[in-house]
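A.B. asks:
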Amino acid sequence: MKTLLSALTPLAILTLAIIISGVLGYFIFLAIDGAVPLRKLISKTALVLLLLSIFPLMHFLKLSKADLGIVAKKDFALQIIAGLVLGIAILAPLFLTFYSLDIWVVDTNFQFTTTIILAKLFKILLISFLISIPEEMLFRGILLTSLKRAKGVLFAVFLSAFYYAGLHFLKSKTEIPPDEANLSSSYYLIADALTQLTNPENLSAFIALMSVGIFLATIRIKSPMSLGICIGIHAGWVFLIKTNSAFLNRNPSSDWYFLVSNYDGVIGPLVTAWLTLITAILITYTYLRDKSTNNSLEP
4 MKTLLSALTP LAILTLAIII SGVLGYFIFL AIDGAVPLRK LISKTALVLL
54 LLSIFPLMHF LKLSKADLGI VAKKDFALQI IAGLVLGIAI LAPLFLTFYS
104 LDIWVVDTNF QFTTTIILAK LFKILLISFL ISIPEEMLFR GILLTSLKRA
154 KGVLFAVFLS AFYYAGLHFL KSKTEIPPDE ANLSSSYYLI ADALTQLTNP
204 ENLSAFIALM SVGIFLATIR IKSPMSLGIC IGIHAGWVFL IKTNSAFLNR
254 NPSSDWYFLV SNYDGVIGPL VTAWLTLITA ILITYTYLRD KSTNNSLEP
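Just so you know, we're using our numbering here: the sequence shown kicks off at 4 and counts up by one.
(1) Helix, strand or coil: how does DSSP classify W277 here?
(2) So what does DSSP say about L251, is it helix, strand or coil?
(3) Is W259 helix, strand or coil when you go by DSSP?
(4) Would you report the Cα separation of A238 and M140, rounded to the nearest angstrom?
(5) Counting Cβ pairs closer than 8 Å, one from the stretch 102 to 121 and one from the stretch 239 to 254, do we hit at least three?
(6) Skipping 5 residues on each side, what residues in its chain have a beta carbon closer than 6 Å to that of G37?
(7) For the beta strand (DSSP E) containing V109, list its first residue and its last residue.
(8) Enumerate, from N- to C-terminal direction, the unbroken beta strand (DSSP E) stretches of 3 or more residues contained entirely within the stretch 40 to 110.
(9) From K154 to T118, what distance separates their C-alpha atoms?
(10) On the three-pair Cβ rule with 8 Å, is the stretch 204 to 222 touching the stretch 148 to 163?
(11) Exposed or buried, which one is Q114 when buried takes at least 16 other CB atoms within 10 Å?
(12) Any idea if D62 is buried or exposed, counting beta-carbon neighbours within 10 angstroms, 16 or more meaning buried?
(13) Can you check which of these residues, K68, R42, L97, is closest to T148 by C-alpha distance?
(14) What residue from L54, S295, G271, W240 has the CA that sits closest to I210's CA?
(15) Taking the C-alpha atoms as reference points, what is the distance between V215 and A92?
(16) For G235 and F32, I'd like the C-alpha separation in whole angstroms.
(17) Flag this pair as yes or no: are the beta carbons of S163 and F132 separated by less than 8 Å?
(18) When the Cα atoms are used, what is the spatial distance from N3 to G169?
(19) Whose C-alpha, out of L285, I57, I106, is nearest the C-alpha of R253?
(20) For the candidate residues A85, I22, V241, whose alpha-carbon lies nearest to that of T48?
(21) So, helix, strand or coil for G169, using DSSP?
(22) Where does D195 fall in DSSP's three states?
(23) Under 8 Å, do K225 and L285 count as touching if we go by C-beta distance?
(24) Under the three-state reduction of DSSP, which class applies to M213: helix, strand or coil?
(25) Mark V241 as exposed unless 16 or more other C-beta atoms lie within 10 angstroms of its C-beta, in which case mark it buried.
(26) What I want to know is whether the C-beta of H171 ends up closer than 7 Å to one or more non-hydrogen atoms of the ligand ATP.
(27) Check K176 in the structure and name its three-state DSSP category.
(28) Assuming V26 and M228 make a contact with CB atoms under 8 Å, what is their CB distance in whole Å?
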């Protein structure tokens, strides 16, 4: 029963957030006279609700900050900075590969000025942390910890990664004209978003995002007090992906485009292979390190 509760609680919270976001998103849409597409408002409202659910969920599951891998403020900030640098370093070789294979090409229509570039980079960095902090708190913090307590490491790593990957496809691509939108439109968009979970076109991206979740969960398992590092790595990846999209264009006509997916032109088979390799190296390294430490302690 405890295992089932740990596994279903995040799903219940997500479902509740989606239902409430349908109503709130629509009323926000009315308040701003349709200035922002309804589908985006629903998505962002759901994200805010998930963020607000973190502390009540911690209380409900009796989890402390230490249980989630949160260290003292100064060390936490240093972890985030180190993770940011590490995240960029991990994905940078892939982006260089994308450029060399013409999967991404320079946007020749973009007007590059120092002011524009700096403003965009600052905005992207801010968005990167707005995404990474709640997602890591939920998936590598609350969910991973509660599942590990209930069922063990492997169950926790894979199920948390599955939930994490699934969340990224709960997005509708349907645009509803402002003058045609009503409250029922919100739930039409939500239903449309749910169908994306079973869309076979998303399979390679789903697997890649699972590999992302598994890698980040492995870091938390191998170094329990490392949530700040996970946040930084995640932010570094989002920063690279969004910076790439801001200044370059996808090139679907590239012979190597199969290495990515249509999800964002980055997540795909190459990311899966790369992160699986790095995860394997991390597991091997920590195993040999721990084995060496244990041997040195033997009389």
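Cβ coordinates follow ideal geometry from the N, Cα and C atoms, glycine included.
C.D. replies: So, to answer that:
(1) helix
(2) strand
(3) coil
(4) The alpha-carbon atoms of A238 and M140 are separated by roughly 13 Å.
(5) Yes: at least three Cβ pairs fall under 8 Å.
(6) Cβ within range, chain order: P181.
(7) 107 to 109
(8) Look at the stretch 40 to 110 and you find these whole runs of beta strand (DSSP E), each 3 residues long or longer: 107 to 109.
(9) The C-alpha of K154 lies about 51 Å from the C-alpha of T118.
(10) yes
(11) Q114 comes out exposed.
(12) It should be pointed out that residue 62 corresponds to His in this sequence rather than to Asp. Exposed, since its Cβ has fewer than 16 Cβ neighbours within 10 Å.
(13) The residue with the shortest Cα to Cα distance from T148 is K68.
(14) G271
(15) About 15 Å.
(16) 32 Å
(17) no
(18) The shown model of the chain, from 4 to 302, leaves out residue 3, and the question about it has no answer.
(19) I106
(20) I22
(21) helix
(22) helix
(23) K225 places its beta carbon less than 8 Å from that of L285.
(24) helix
(25) buried
(26) By its list of ligands, the structure shown contains no ligand whatsoever, and the ligand ATP lies outside what it can speak to.
(27) coil
(28) In fact, because the Cβ distance is near 39 Å, the residues do not count as touching under 8 Å.
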